[in-house]
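S.K.: Have a look at the structure that comes next, please.
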Amino acid sequence: MSKKIEIELRILLKNRKAIEKTVIQKGAVLIKHLKVKDFWYCSKNVHTYRKASIDRSGFALRLRIEKDLSLKKTKSSIECKTLQSGKNHAECNEYELPVEDLFQARKLLESINFKEFLVIEKERKVYKYQKFSLFFDKIEGVGHGLEIEIMSTKGTEKVRYNQLLNLAIELGISQSEILKKSLTYIAMQKLANF
Numbered sequence: 019m020s021k022k023i024e025i026e027l028r029i030l031l032k033n034r035k036a037i038e039k040t041v042i043q044k045g046a047v048l049i050k051h052l053k054v055k056d057f058w059y060c061s062k063n064v065h066t067y068r069k070a071s072i073d074r075s076g077f078a079l080r081l082r083i084e085k086d087l088s089l090k091k092t093k094s095s096i097e098c099k100t101l102q103s104g105k106n107h108a109e110c111n112e113y114e115l116p117v118e119d120l121f122q123a124r125k126l127l128e129s130i131n132f133k134e135f136l137v138i139e140k141e142r143k144v145y146k147y148q149k150f151s152l153f154f155d156k157i158e159g160v161g162h163g164l165e166i167e168i169m170s171t172k173g174t175e176k177v178r179y180n181q182l183l184n185l186a187i188e189l190g191i192s193q194s195e196i197l198k199k200s201l202t203y204i205a206m207q208k209l210a211n212f
């Protein structure tokens, strides 16, 4: 069985309302409306956002609390991300597990030499459109963003990435809004606390 690779296009939106309206007009379906709080971790020996970045550390580690505003349900998880190929932030491997006790998970990470260096709070709307997942985020201290995702297998990454770019163009997103790295990286630069 081929390993699935998540391909992402990350966008810092200039006009979220217009883009979200276009997505809805194209027939996208709202799947979830969430409040999300992410707690990002790095080695206790790290003292700058650059060294905490996935580029340097080789991974990104986070705990998440996610509240579904429609269903009134809350869940927590731990996730580790690694880059699929070199320093290309568009291609990620993601490993996620549910967490029943967030307090204990935090204590566990601290006990193995990790520290929390960044907390990100966001409101998120998740849409499904054809084979794409679209995540509209309002991130405190950063602004409005959009992640467009599609799953790929080894050898089809470029084709899938081009599909993401084509959808972005269809939605009216300019090249200047497309990020090389994530919205989380922007948040790291602005909000990290070492």
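In this note's numbering, the protein residues as written are 19 to 212. Ideal Cβ positions, reconstructed from N, Cα and C, are used throughout, including at glycine.
Which ranges would you report for the beta strand (DSSP E) in the segment 21-64 if only whole runs of at least 3 residues count?
M.R.: List check, beta strand (DSSP E) in window: 22-30 and 47-61.
S.K.: Alpha carbon to alpha carbon, how far is residue 141 from residue 52?
M.R.: Along the sequence shown, read from residue 1 onward, the residue named residue 141 stands at position 123. Along the sequence shown, read from residue 1 onward, the residue named residue 52 stands at position 34. Taking the straight line from one Cα to the other gives about 6 angstroms.
S.K.: Consult DSSP for residue 148 and reduce its assignment to one of helix, strand or coil.
M.R.: The residue you call residue 148 lines up with position 130 of the sequence shown. Three-state result, residue 148: coil.
S.K.: Tell me whether residue 200 is buried or exposed, calling it buried when 16 or more other Cβ atoms sit within 10 Å of its Cβ.
M.R.: Mapped onto the sequence shown, residue 200 falls at position 182. The residue is buried, with at least 16 neighbouring Cβ atoms inside 10 Å.
S.K.: Could you give the distance in angstroms between the alpha-carbon of residue 32 and the alpha-carbon of residue 55?
M.R.: Reading the sequence shown from its first residue, position 14 is the one you call residue 32. Reading the sequence shown from its first residue, position 37 is the one you call residue 55. If you take the alpha carbons of residue 32 and residue 55, they lie about 23 angstroms apart.
S.K.: Would you mind stating whether residue 190 and residue 46 have Cβ atoms separated by less than 9 angstroms?
M.R.: Against the sequence shown, residue 190 aligns to sequence position 172. Against the sequence shown, residue 46 aligns to sequence position 28. Cβ distance not < 9 angstroms, so residue 190 and residue 46 don't count as in contact.
S.K.: Express the C-alpha separation of residue 71 and residue 62 in angstroms, rounding to a whole number.
M.R.: For this step, residue 62 is matched to residue 44 along the sequence shown. For this step, residue 71 is matched to residue 53 along the sequence shown. If you take the alpha carbons of residue 62 and residue 71, they lie about 14 angstroms apart.
S.K.: With DSSP run on the structure shown, which of helix, strand or coil describes residue 204?
M.R.: Residue 204 sits at position 186 when you count from the first residue of the sequence shown. Residue state, collapsed to three classes: helix.
S.K.: Just verifying my parser: in three-state terms, what is the DSSP assignment at residue 125?
M.R.: On the sequence shown, position 107 is the one that residue 125 refers to. Residue state, collapsed to three classes: helix.
S.K.: Got a sec? Which residues, its chain only, sit under 7 angstroms from residue 102 by beta carbon, not counting five neighbours each side?
M.R.: Here residue 102 refers to the residue found at position 84 of the sequence shown. Cβ neighbours of residue 102 beyond the five flanking positions: 23, 109, 110 and 111.
S.K.: Considering only the alpha carbon of each residue, which of 77, 143 and 172 lies closest to residue 98?
M.R.: Position 80 of the sequence shown, counting from 1, holds the residue named residue 98. Minimum Cα distance to residue 98 is reached at 77.
S.K.: Residue 94 bridges to which residues according to DSSP?
M.R.: On the sequence shown, position 76 is the one that residue 94 refers to. DSSP output for residue 94 lists 83 as bridge partner(s).
S.K.: Starting from residue 166, trace the beta strand (DSSP E) both ways and give me its first and last residue.
M.R.: For the purposes of this step, residue 166 is taken as the residue at position 148 of the sequence shown. Where residue 166 is concerned, the enclosing beta strand (DSSP E) stretches over 161-171.
S.K.: Assuming residue 75 is part of the alpha helix (DSSP H), what are its boundary residues?
M.R.: The sequence position of residue 75 within the sequence shown is 57, counting from 1. Run containing residue 75: 72-75, per the alpha helix (DSSP H) assignment.
S.K.: Who are the Cβ neighbours of residue 204 in its own chain at under 6 angstroms, not counting the five residues just before and after it?
M.R.: Walking along the sequence shown from the start, residue 204 turns up at place 186. Here the set comprises 160.
S.K.: Flag this pair as touching only if the segment 111-128 and the segment 90-97 have three or more C-beta atom pairs under 8 angstroms; answer yes or no.
M.R.: Cβ pair count under 8 angstroms is three or more, so yes.
S.K.: Pop quiz: residue 29 and residue 164 are said to be a contact at Cβ under 8 angstroms. What is the actual Cβ separation, rounded to whole angstroms?
M.R.: As a position in the sequence shown, residue 29 is number 11, starting the count at 1. As a position in the sequence shown, residue 164 is number 146, starting the count at 1. Rounded, the Cβ-Cβ distance is 4 angstroms, consistent with contact.
S.K.: What separation, rounded to the nearest whole angstrom, lies between the Cα atoms of residue 75 and residue 60?
M.R.: Counting from one through the sequence shown, the residue named residue 75 turns up at place 57. Counting from one through the sequence shown, the residue named residue 60 turns up at place 42. If I take the Cα positions, the gap works out to 8 angstroms.
S.K.: My output table needs one value for residue 219: the three-state DSSP class, helix, strand or coil.
M.R.: Since the first residue shown for the chain is 19 and the last is 212, residue 219 is missing from the structure and cannot be characterised.
S.K.: Which same chain residues, not among the five before or five after residue 156, have their C-beta less than 7 angstroms away from its C-beta?
M.R.: What you label residue 156 is simply residue 138 of the sequence shown in a count that begins at 1. If we look at residue 156 and ignore the five residues flanking it on each side, its Cβ neighbours are 140, 141 and 162.
S.K.: Can you check which of these residues, 39, 21, 196 and 202, is closest to residue 158 by C-alpha distance?
M.R.: In the sequence shown, the residue the question calls residue 158 occupies position 140. Out of 39, 21, 196 and 202, 202 has the C-alpha closest to the C-alpha of residue 158.
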